[in-house]
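To start, the structure under review is shown below, and the notes come after it.
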Amino acid sequence: MTEGDGDSVDMSCQKTPSQAVVEAVAAAEGVPPEELCPPAYESLYTVVDPEALDSLFASQPNGIQRPNGEISFPFCEYDVTIEWNGEITLEELSD
Numbered sequence: 000m001t002e003g004d005g006d007s008v009d010m011s012c013q014k015t016p017s018q019a020v021v022e023a024v025a026a027a028e029g030v031p032p033e034e035l036c037p038p039a040y041e042s043l044y045t046v047v048d049p050e051a052l053d054s055l056f057a058s059q060p061n062g063i064q065r066p067n068g069e070i071s072f073p074f075c076e077y078d079v080t081i082e083w084n085g086e087i088t089l090e091e092l093s094d
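And the structure:
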């Protein structure tokens, strides 16, 4: 997992985007994913609807992967960007 300098990691191995985001941020913070919860950390639900996020990147009804797109949002002091191919980039938010 990389952070801060805009490096990225491919988290597309059968994980939902919401699960991959939680795991990526937990790795960057050096904590297990199950510890990435209030009160120490904000909930993903406070910044994005996890089901909607997963739907954005789900395969089309015919099984074909969506061809492009990305979404960015702040979460746990990181600017999180998810690419259509499952790549997640974390950049530390500056004050």
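If you're matching positions, the sequence shown starts at 0 in numbering that gives the first Met the number 0 and goes up one per residue.
Yeah, the Cβ is synthetic: ideal placement off N, Cα and C, and Gly gets one too.
Computed from a predicted model, the values in this text were never measured in an experiment.
The beta carbon of Leu92 lies closer than 7 Å to those of Pro73, Glu76, Tyr77, Asp78 in the same chain, with the five residues before and after it left out. Per DSSP, the continuous beta strand (DSSP E) segment holding Val79 begins and ends at 77-82. Of the candidates Ala23, Gln13, Lys14, Ala23 places its Cα closest to the Cα of Thr80. Counting along the chain, Ser54 sits inside the alpha helix (DSSP H) bounded by residues 49-56. Going by DSSP, Ser17 is part of the alpha helix (DSSP H) stretching over 16-28.
Taking 9 Å as the cut-off, the beta carbon of Asp53 is found closer than this to the beta carbon of Pro16.
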